[in-house]
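Protein chains in written order, with our numbering: chain A, 11 to 426; chain B, -10 to 265.
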């Protein structure tokens, strides 16, 4: 509006005099504070939480922020993080999958059995495990769509049933060791990016933001729509690029960025694109926000549920395969214990709402880093798993409380 | 709004014809043996007391509910409307009373919901531009199309819902209480818009409790009472006649009059006379 001057016609979306439109960098900051105050928190709580957690653990044991510990952290994040990414999918449509742990365990058992015991090619074994995951998810969707079975119950049943299948195919041996030196195990334990690759990859998000941002600005100007300030965009790009490059440089002081983490981040970015920039993602958000409205808009609601459940289980299976690679074994313990809750907690802590219709793929990334930081920090302090469970539980509770409070605040401030 | 949709019906053609539509919810008969016609270039007002079955009828036409019995003819062909998608594809657009907007999405996303431009790489700029064009045609007062719908007032939401129904260039528009939540200026705009839609040769069905609005735009007024047809009136019918048909007072006289009017109309329609 400021650039247009008085003589030029107002931009198409700036013609209404009653609306405040912030301009420039100061305006962007003010708008951000306004959003936060009205309960539209986005990723803010998780970033604050992360800073607190890292400060506490570093003061207790400086090894925590050492480059080598953080690289290990990234290896650990990738497995459950992929599962959490699937949880984001089902939470977006306002449903839940409690069986992701079992599915991941069964997928790792499948890879172990088919590859090591039956002699299948490893790629085929992995594909079979992924297909099985997608099949289970489709089954949940079928039960949900056709029989109206709440996903809470069907996936709880699935948790037990799939766990039983895992124990069955592992049989009396109980665990299968994956061969060291194989590509899969190397991928899960050793393979890191060369320095130049990681630095190049770290520069890509900023460049992509800059290019697509400038192109959008040009198109908006051509369409007589207002454009945000270019300075703000450049500032954001600079902050992100410098931040990422510094992180990468720090991690490269020890082993470097794991390829497995690269895969995880790649999936997160792809999922973020799918959720925000495609018709499918728009439909997912709509179904999560108001199922009936989505149906009346002509969206195939059942197909959306099917895609959400199938994707969730598919990601769970992939997470299981990665976990098997990380541990170099497929055992009866795989996928049991806290895997389930860590995955769900990560998605929620990262800012994906349990109530549906709000969330982002990045919440899986941020959330799992919080969860794994807690686990890693407590391990470094030599605390038992009993304490780790209690603290993780408390963090999850706090995250849900923040979600609920923010939701109430949004309602009273007229934001969705 | 300038060009007419392809295959647009010629004025006077029977766009929609319902025969013997009934709808039961369990033991409750919401609609019994409803006959209902809409011609191209005609605004039919659907009036009746609360619980008369107006909204149920609209929901059947929108594909939200399925009739228990009866036939639906759309542009001369018998059709079924198993889901909202089918109705939209045929060219029946609906603005629901409970507005059916997604509060967590912004205005642009709601207007284009289910009809996004370039599905694999959403064209936000084009969608925003089209959204503003539609909203400006309605003289809408929407502060920002990038705000979530949750932050809009009832009237603003109504405008968004109407804008959305126009997006698909429909053949028949169903408006369930389109002016109920609107201010004076916006009501006038919506009525103007209904006139414009009619001029383009579309059929319009409008539910309203506001007799003033109904008289202002309707070519015919169809009265429902307790789920049954209870007469068809010209817009210049006296208020007393309308009110008694709606409330059921002096029921018999009104029914007789309505029957006579409808018989004449059917007769003239069969004779192939051109409609006004």
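Glycine included, each C-beta is placed from N, C-alpha and C at the ideal position.
Spatial neighbours of residue i in its chain, beta-carbon cut-off 7 angstroms, leaving aside the 5 residues before and after
i              : result
residue 263(A) : 77
residue 21(B)  : 11, 216 and 217
residue 80(B)  : 159, 160 and 161
residue 48(A)  : 419, 420, 423 and 425
residue 136(A) : 121 and 331
residue 258(B) : none
residue 106(B) : 112, 115 and 116
residue 397(A) : 388
residue 258(A) : 208, 209, 212 and 267
Contact set between residue i and chain B, taken where Cβ atoms lie within less than 8 angstroms
i              : result
residue 6(A)   : An answer regarding residue 6(A) cannot be provided, because it is not within the stretch 11 to 426 covered by chain A.
residue 289(A) : 105, 108, 109 and 111
residue 235(A) : 114, 117, 118 and 121
residue 45(A)  : Within 8 angstroms Cβ-Cβ: nothing; residue 45(A) doesn't reach chain B, min ~11 angstroms.
Per DSSP, the bridge partner or partners of residue i
i              : result
residue 159(A) : Paired residue(s): none; residue 159(A) is not in a bridge.
residue 12(B)  : 20(B)
residue 222(B) : 210(B)
residue 83(B)  : 163(B)
residue 95(B)  : 137(B)
residue 340(A) : 186(A)
residue 70(B)  : Paired residue(s): none; residue 70(B) is not in a bridge.
residue 192(B) : 161(B)
residue 5(B)   : 27(B) and 63(B)
residue 34(B)  : 195(B) and 210(B)
residue 268(A) : 202(A)
residue 398(A) : Partner(s): none; residue 398(A) has no beta bridge.
residue 217(B) : 214(B)
Sequence-distant residues of the same chain with beta carbon closer than 6 angstroms to residue i, five excluded per side
i              : result
residue 23(A)  : 235 and 236
residue 108(A) : 165, 166 and 169
residue 145(B) : 131
residue 14(B)  : none
residue 352(A) : 90 and 381
Within-7 angstroms CB hit, residue i to chain A
i              : result
residue 116(B) : no
residue 98(B)  : yes
residue 67(B)  : no
residue 215(B) : no
Residue-level contact to chain B via CB, residue i, 7 angstroms cutoff
i              : result
residue 37(A)  : no
residue 296(A) : yes
residue 223(A) : no
residue 252(A) : no
residue 18(A)  : In this prediction, residue 18(A) has a pLDDT of 45, which is less than 50 and means its spatial position is unreliable; what the coordinates show is noted afterwards. No - not a single Cβ of chain B is within 7 angstroms of the one on residue 18(A).
residue 229(A) : yes
residue 361(A) : no
residue 40(A)  : no
residue 156(A) : no
residue 246(A) : no
residue 292(A) : yes
residue 422(A) : no
residue 14(A)  : At residue 14(A) the pLDDT is 39, less than 50, meaning the model places this residue with poor confidence and gives no usable figure here.
heavy atom of the ligand FMN below 6 angstroms from residue i C-beta
i              : result
residue 379(A) : Of ligands this structure carries none, so the ligand FMN is not represented either.
Chain-ordered neighbours of residue i on chain A, where CB pairs are closer than 7 angstroms
i             : result
residue 94(B) : 295, 296 and 299
Chain-ordered neighbours of residue i on chain B, where CB pairs are closer than 9 angstroms
i              : result
residue 367(A) : 91, 92, 93 and 94
residue 226(A) : 113 and 114
Residues that residue i contacts on chain B, provided the C-beta gap is smaller than 7 angstroms
i              : result
residue 308(A) : 73, 74, 77 and 103
residue 398(A) : Near residue 398(A) there are no residues of chain B at all, since even the closest Cβ is about 35 angstroms away, more than 7 angstroms.
Contact set for residue i: own chain, Cβ-Cβ below 8 angstroms, skip 5 residues either direction
i              : result
residue 254(A) : 212, 213, 215 and 216
residue 266(A) : 81, 202, 203, 204, 205 and 208
residue 315(A) : 103, 105, 151, 154, 155 and 297
Using Cβ-Cβ distances below 7 angstroms, what residues of the region 74 to 86 of chain B are close to chain A?
74, 77 and 85
Please identify, using Cβ separations under 8 angstroms, the residues of the region 158 to 169 of chain A that lie next to chain B, in order along the chain.
none
Any residues in the region 43 to 63 of chain B with a beta carbon nearer than 8 angstroms to a beta carbon of chain A? Which ones, in chain order?
51 and 53
Members of the region 264 to 286 of chain A near chain B, C-beta cut-off 7 angstroms:
none
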